[in-house]
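**Student:**
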Amino acid sequence: MGRPASAVTGRWGPVVRRHEVNDEILLLEVEVTLQAKLAWIAVAALGALSFAVVALTRGEPVNAAWLVIASVCIYFIAYRFYALYITGKVFGIDPKRVTPAYRHNDGLDYVPTNRYVLFGHHFAAIAGAGPLVGPVLAAQMGYLPGTLWILAGVVFAGAVQDMTVLFLSTRRDGKSLGDMIRAEMGPVAGGIAGIGILLICIIVLSVLALVVVNALKGSPWGTFTVFCTIPIALVMGIYSRFIRPGRIAEMSLIGAALLLAALIYGRTVSETPELASWFNYSGETLALIVIGYGFVASVLPVWLLLAPRDYLSTFLKVGTILLLTAGVIIVHPDLQMAPITRYIDGSGPVWAGSVFPFLFITIACGSVSGWHALIASGTTPKMIENESQIRFIGYGGMLMESLVAIMAMIAASVIHPGVYFAMNSSAGLIGADPGHAAEVISSWGFAVTPDILTQVAREVGESTILSRTGGAPTLAVGMASILSGFLGGSALAGIWYHFAILFEALFILTTVDAGTRVCRFMIQDLIGNVIPAFRATESWANNIIGSGLACALWGYFLYQGVIDPLGGIWTMWPLFGSANQMLAAIALTLCTVVLFKMKRHRVAWVTIVPTAWLVLCTVTAGLEKVFSSNVAVGFLAHAQRFGDAVAAGKILAPAKTLHEMNRIVFNDYLDAGLAGLFVAIVLIVVVYGVADARKALRNPRDTTVEISGAAMAAGDD
Amino acid sequence: MPRWPPVMTETAGSQAAGADAAGAGATPAGIARVKKAGTEVVGTKPGGTGPVETEVVGTEPGGTEAVGTDLGETGAAGQPAGAAATRTITTEAVATRVRFVCEIVVQTARLMVGVPDYPTYVAHRKTTHPDLPVMTYKEFFRERQDARYSVGKGRFRGCC
Chain S
0 MGRPASAVTG
10 RWGPVVRRHE
20 VNDEILLLEV
30 EVTLQAKLAW
40 IAVAALGALS
50 FAVVALTRGE
60 PVNAAWLVIA
70 SVCIYFIAYR
80 FYALYITGKV
90 FGIDPKRVTP
100 AYRHNDGLDY
110 VPTNRYVLFG
120 HHFAAIAGAG
130 PLVGPVLAAQ
140 MGYLPGTLWI
150 LAGVVFAGAV
160 QDMTVLFLST
170 RRDGKSLGDM
180 IRAEMGPVAG
190 GIAGIGILLI
200 CIIVLSVLAL
210 VVVNALKGSP
220 WGTFTVFCTI
230 PIALVMGIYS
240 RFIRPGRIAE
250 MSLIGAALLL
260 AALIYGRTVS
270 ETPELASWFN
280 YSGETLALIV
290 IGYGFVASVL
300 PVWLLLAPRD
310 YLSTFLKVGT
320 ILLLTAGVII
330 VHPDLQMAPI
340 TRYIDGSGPV
350 WAGSVFPFLF
360 ITIACGSVSG
370 WHALIASGTT
380 PKMIENESQI
390 RFIGYGGMLM
400 ESLVAIMAMI
410 AASVIHPGVY
420 FAMNSSAGLI
430 GADPGHAAEV
440 ISSWGFAVTP
450 DILTQVAREV
460 GESTILSRTG
470 GAPTLAVGMA
480 SILSGFLGGS
490 ALAGIWYHFA
500 ILFEALFILT
510 TVDAGTRVCR
520 FMIQDLIGNV
530 IPAFRATESW
540 ANNIIGSGLA
550 CALWGYFLYQ
560 GVIDPLGGIW
570 TMWPLFGSAN
580 QMLAAIALTL
590 CTVVLFKMKR
600 HRVAWVTIVP
610 TAWLVLCTVT
620 AGLEKVFSSN
630 VAVGFLAHAQ
640 RFGDAVAAGK
650 ILAPAKTLHE
660 MNRIVFNDYL
670 DAGLAGLFVA
680 IVLIVVVYGV
690 ADARKALRNP
700 RDTTVEISGA
710 AMAAGDD
Chain R
0 MPRWPPVMTE
10 TAGSQAAGAD
20 AAGAGATPAG
30 IARVKKAGTE
40 VVGTKPGGTG
50 PVETEVVGTE
60 PGGTEAVGTD
70 LGETGAAGQP
80 AGAAATRTIT
90 TEAVATRVRF
100 VCEIVVQTAR
110 LMVGVPDYPT
120 YVAHRKTTHP
130 DLPVMTYKEF
140 FRERQDARYS
150 VGKGRFRGCC
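These protein sequence lines map, in sequence, to chains S and R. Residue numbering for the first sequence follows numbering that gives the first Met the number 0, starting at 0 and increasing by one per position. Residue numbering for the second sequence follows numbering that gives the first Met the number 0, starting at 0 and increasing by one per position.
1. Can you list the residues of chain R that residue 120(S) reaches, using a CB-CB cut of under 8 angstroms?
2. Against residue 313(S), what residues of chain R qualify as contacts under a CB-to-CB distance less than 8 angstroms, listed in chain order?
3. Name the two residues that bound the continuous alpha helix (DSSP H) containing residue 497(S).
4. Identify, in the order they occur along the chain, each residue of the same chain with its Cβ nearer than 8 angstroms to the Cβ of residue 487(S), setting aside the five sequence neighbours on each side.
5. Comparing alpha-carbon positions, which option in 97(S), 127(S), 704(S) lies nearest residue 387(S)?
6. Residue 49(R) by DSSP, collapsed to three states: which one?
7. So residue 98(R) contacts chain S; which residues on that side make the cut at Cβ distance below 7 angstroms?
8. Can you look up residue 339(S) in the DSSP assignment and give me helix, strand or coil?
9. Does residue 734(S) come within less than 9 angstroms of chain R when only Cβ atoms are used?
10. Please list the terminal residues of the continuous alpha helix (DSSP H) segment that includes residue 162(S).
11. If we define contact as Cβ-Cβ less than 9 angstroms, is residue 356(S) a contact residue for chain R?
12. Shorter than 9 angstroms from the beta carbon of residue 127(R) to some beta carbon of chain S?
13. Are any of the Cβ atoms in chain R nearer than 9 angstroms to that of residue 234(S)?
14. Between the Cα of residue 142(R) and the Cα atoms of 262(S), 245(S), 641(S), which residue gives the shortest distance?
15. Using a Cβ-Cβ cutoff of 8 angstroms, what residues of the stretch 100 to 111 of chain S are near chain R? List them in chain order.
16. So residue 115(R) contacts chain S; which residues on that side make the cut at Cβ distance below 8 angstroms?
17. If distances are taken between C-alpha atoms only, which option among 672(S), 595(S), 461(S) comes closest to residue 688(S)?
18. So, is residue 129(R) buried or exposed, given that buried needs 16 or more other C-beta atoms within 10 angstroms?
19. Taking 8 angstroms as the cut-off, is the beta-carbon of residue 306(S) closer than that to any non-hydrogen atom of the ligand ADP?
20. Pick out whichever of 155(S), 166(S), 696(S), 634(S) has its Cα sitting closest to the Cα of residue 366(S).
21. Taking C-beta pairs closer than 7 angstroms, name the residues in chain R that residue 305(S) reaches, listed in chain order.
22. Buried or exposed for residue 654(S), going by 16 or more other Cβ atoms inside 10 Å?
23. Where are the alpha helix (DSSP H) runs, 4 residues long or more, that stay fully inside the stretch 364 to 449 of chain S, in chain order?
24. If you follow the alpha helix (DSSP H) that residue 208(S) is in, where does it begin and where does it stop?
25. Mind reading off the beta-carbon distance from residue 625(S) to residue 674(S)? Whole number of angstroms is fine, and I expect it under 8 angstroms.
26. How about residue 121(R): is its C-beta nearer than 9 angstroms to some C-beta of chain S?
27. Since I believe residue 597(S) is in contact with residue 703(S) (beta carbons under 8 angstroms), could you give me their beta-carbon distance rounded to a whole number of angstroms?
28. Kindly indicate which three-state DSSP category residue 104(S) falls into: helix, strand or coil?
29. Of the residues that make up the stretch 217 to 247 of chain S, which ones have a beta carbon closer than 7 angstroms to any beta carbon in chain R?
30. To be precise: take each residue of the stretch 532 to 549 of chain S, compare its Cβ to all Cβ atoms of chain R, and keep it if any distance is under 8 angstroms. Which residues remain?
31. From the DSSP output, read off the bridge partner residues of residue 702(S).
32. Just to confirm before moving on: does the CB-CB distance between residue 258(S) and residue 315(S) stay below 9 angstroms?
33. Quick check on residue 145(R): does DSSP put it in helix, strand or coil?
34. Using the C-alpha atoms, what's the distance from residue 656(S) back to residue 648(S)?
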């Protein structure tokens, strides 16, 4: 029987009328109403106007509101037009196809879930330290280059990657990225990608831990509150295990209340010298504590320490992001940082390297992040109700993440540029004395007085703000200035600063715990190929050896970063960024191969373009990090220079002893090796990808290994 | 041949059944009702002269959309065109919608830390495996907690 035309629309969307006979769509009429057209023209005009204000204003501060409005307009347009084009024309989304949530519904892993609930889950899983820290570091070039990359990157690369991987995984029963690479590109490409993932994991953990160590060193207030999270988590863990099992809300409220108490009492601790001395540590000591803590946390049962901290950090993270967004909108501060600074030439003190390619790897997560491919192929595809929601969750979720990055960029740009550079330049450059630091920074063209530097430190309750590299403290100062603008005034600036530090430290440490477990399982799997007994994950001996190995691996890089006289972030952030972007390049290569196999090669440019760009950026960056003759950029050139000095018996700043000189040389070679390895991994995967795509092109038929909708609909469960 | 997938009805139905079984304090019947209300709202575009007026709900923008069609399947339900335009706002409709939004928020918060909806689980077990035992909430919670951090089951959590 024929059915009358069914008309469907969203508020601003087109009217789609379907004429169906026996479930076959005979005719699909799409009509965009005049109202909708006018609305979209208005959005585009508003976005263009805001962008013009941001980009063209010179000499006077631009208000942050323009940046937010421009970004949001771009997100809406990208979501409505580009994402819809991809799901419709490129993927060929089929709303009638059974999703894994229905096919394997078990009420546990595979559950059809309301799309708004799932959006929240997905966003909480992808949001983290990356989008907050990267833009802060990129602000050394001014806010404009970073913002442009965040927006262009998310629309054409990041969100496309997230959504495509989610789409592929949804059509493959929620398979992981590694499994999909093995299935679509063969075991060799899969194995190489697997090694890449383990290496990336280790670099990510060490750099994130370094961010925490840099934020806490010499800060009794911050250290005290972060230490307090351990007993608080234990209390929560025992509560939810034995006293009131599974009462997440209760235990989270108890935890949050205790955390707030610790945060407020932290001021007393920092102002009482006897107490403060208990929580005042050097970077080296903190690094060892973090490594030891990571080991203990990954060996202990998860319900005792890891899970409760995870709950706290997840809620705190989402809450703080909402708070920051609300703060930026309500306060709408002026941006103090220039749109473009002189450091676009690559001589910046925060990290070395010019706009291309280094800006594009410094901001990873806010525009495109390989990690999201792991999450988009993890739990989310197992819960998606319908393929038609892939755009909302995959593309929309990443747009939200990008907005977080814009907020971080704003937070870094609202503080005084002199303060920004004082916080983010290593002690080797500006020294440890506010007077000297102010002089050096003023000589760079960012006029600042010693008074401003000491006053900011006093306001946030710290002894000094100099050389607090790693992004987190800068973000905390920016957040404190925004949040105290509408809640509490400058009297609460110290609380807000330490709140921001606490929130970042908490979720970074949770990532470190969880990541150590992930590394441990991967190591066990890898070694298990040789010694099968090592694979038994239940064994205590294996647990301790595996966790110890994992901690030793990331701990080594963390410790080297902490004692690095150049400032660990300066050396290691480019490694972190390129690792993350390389994972994205690998994921996008897989997406491209699958589109070719689906015979969609005519529209595969949507993934080819971002893949090519990321490969270009990461390979150039990797090769420059290894081979550049510029000592500030190239590891080998740097090693050469210090090696020559050692041979001549000289000591070069910032090293102070011959021993330090040797260590710098060794680490240079190690980092060069890693960067080279990343380049090799991504190139091998790309070569495999090109070969697979050519093979698919020759084959006239669809050769994907997706799970067919019709066949599976019959055999339920 | 059954139309696929019957998202609305199945989800709402299973939630209702689940809550009955578990005796949870949620308002699953409310959800089902709201969803039905939502389908009425959205499916009835008279003739395509303009976007559907969703003024029916004035409470929460999130709520309005949450209730909106997931699939656009609703038009096929045979709603007479123009019915929505004459619908009035009742306090009961608003209340159920607020409850629905609260429910969504709570479910989101729980899923963020890896605990899916328990009533849905119970309903699923009762309908598909009536002969097998169902985990209590305590067991369910522990199972989910362990599963969230075990990589063996294919979970992979990132950093950013």
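All C-beta atoms in this analysis are idealised placements derived from N, C-alpha and C, irrespective of residue type, glycine included. It should be emphasised that the depicted structure is a prediction, and the values quoted were computed from it without experimental measurement.
**Tutor:** In short:
1. Neighbours of residue 120(S) across chain R, judged by C-beta separation under 8 angstroms: 107, 110, 111.
2. Result: 111, 112.
3. Here the alpha helix (DSSP H) through residue 497(S) covers 492 to 527.
4. Here residue 487(S) has 494, 495 as same chain residues with Cβ atoms under 8 angstroms from its own Cβ, once five neighbours each way along the sequence are excluded.
5. The closest CA to that of residue 387(S), considering only 97(S), 127(S), 704(S), is found on 97(S).
6. Residue placement at residue 49(R) is flagged as unreliable, the pLDDT there being 36, under the threshold of 50; the coordinate-derived value follows with that caveat. In this structure, residue 49(R) counts as coil in the three-state DSSP scheme.
7. Those do not exist, as residue 98(R) stays about 14 angstroms from chain S at its closest Cβ, beyond 7 angstroms.
8. Residue state, collapsed to three classes: coil.
9. Since the displayed chain S opens at 0 and closes at 716, residue 734(S) lies outside it and no answer follows.
10. Looking at the DSSP string, the run of the alpha helix (DSSP H) that includes residue 162(S) is 158 to 169.
11. With 9 angstroms as the cut-off, residue 356(S) does not count as an interface residue toward chain R.
12. Closer than 9 angstroms: yes.
13. Not closer than 9 angstroms to any Cβ of chain R, the Cβ of residue 234(S) fails to qualify, so no.
14. Ranking 262(S), 245(S), 641(S) by Cα distance to residue 142(R) puts 245(S) first.
15. Going along the stretch 100 to 111 of chain S in chain order, one finds 101, 104, 105, 106, 107, 108, 110, 111 with a Cβ nearer than 8 angstroms to chain R.
16. Here the neighbours are 106, 107, 110, 112, 382.
17. It is 595(S).
18. It is exposed - the Cβ of residue 129(R) has fewer than 16 other Cβ atoms within 10 Å.
19. Absence of the ligand ADP from the depicted structure is noted, as is the absence of any ligand whatsoever, leaving it without description.
20. Here the closest residue by C-alpha is 155(S).
21. When 7 angstroms is used as the limit between beta carbons, residue 305(S) is near these residues of chain R: 148, in chain order.
22. Its Cβ being crowded by 16 or more others within 10 Å, residue 654(S) is buried.
23. You should have 369 to 375, 395 to 412, 416 to 423, 426 to 429, 433 to 442.
24. Start and end: 186 to 215.
25. Right, the Cβ-Cβ distance comes to about 5 angstroms (below 8 angstroms), so this counts as a contact.
26. At least one C-beta of chain S is nearer than 9 angstroms to the C-beta of residue 121(R).
27. At roughly 5 angstroms, the Cβ-Cβ gap stays under 8 angstroms, so residue 703(S) and residue 597(S) are in contact.
28. For residue 104(S), the secondary structure class from DSSP, reduced to helix, strand or coil, is coil.
29. For the stretch 217 to 247 of chain S, which is checked against every Cβ of chain R, the residues closer than 7 angstroms are 244, 245, 247.
30. In summary, the residues of the stretch 532 to 549 of chain S whose CB is separated from some CB of chain R by less than 8 angstroms are 536, in the order they occur in the chain.
31. Paired residue(s): none; residue 702(S) is not in a bridge.
32. Yes, the Cβ-Cβ distance between residue 258(S) and residue 315(S) is below 9 angstroms.
33. Note: residue 145(R) maps to helix in three-state DSSP.
34. When rounded, the distance between both Cα atoms is 10 angstroms.
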